[in-house]
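Residue numbers (full-length UniProt numbering): 1 to 125.
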């Protein structure tokens, strides 16, 4: 008894279009939403200097543009928050006060869920 599959060409065309969509716009949207989630939590945990409160570091936790399917989150190295990596990793004269790494470890599953939901929504799955 022969079987006939109908709509295979449409299905293949749809799958190819989904691949193109995920490669560009959807990827950027998903990564950005996940990064915004992490950025908010990093800002909550960013240490603020006692005494004179400037908030420079907290206000300068930025999200980079999408480049090679990657987005970076962290202190703006070119601006007033250049010292963020000193706090995160310490120096020879200062102990580390990690605030980005622990947030990433604790919140990465939440960011992945957000990205997954964005992709599902954009692809109407």
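Cβ coordinates follow ideal geometry from the N, Cα and C atoms, glycine included.
(message) Taking the straight line between their C-alpha atoms, what separation do you get for residue 106 and residue 79?
(response) Roughly 27 Å between the two C-alpha positions.
(message) Tell me the residue span of the beta strand (DSSP E) that contains residue 75.
(response) 73–75
(request) Could you name the residues that DSSP lists as bridge partners for residue 70? (result) 67
(request) Check the DSSP bridge columns for residue 62 and list the partner residues they point to. (result) 74
(message) Using C-beta distances below 7 Å, list every residue in its chain close to residue 71, excluding the 5 sequence neighbours before and after it, in chain order.
(response) 31, 32, 35, 63, 64
(request) Report the three-state DSSP secondary structure of residue 48 (helix, strand or coil). (result) Under the three-state reduction of DSSP, residue 48 is assigned to coil, being neither helix nor strand.
(request) Go through its chain and collect everything with a Cβ distance to residue 115's Cβ below 8 Å, but skip five positions before and after it. (result) 30, 31, 33, 34
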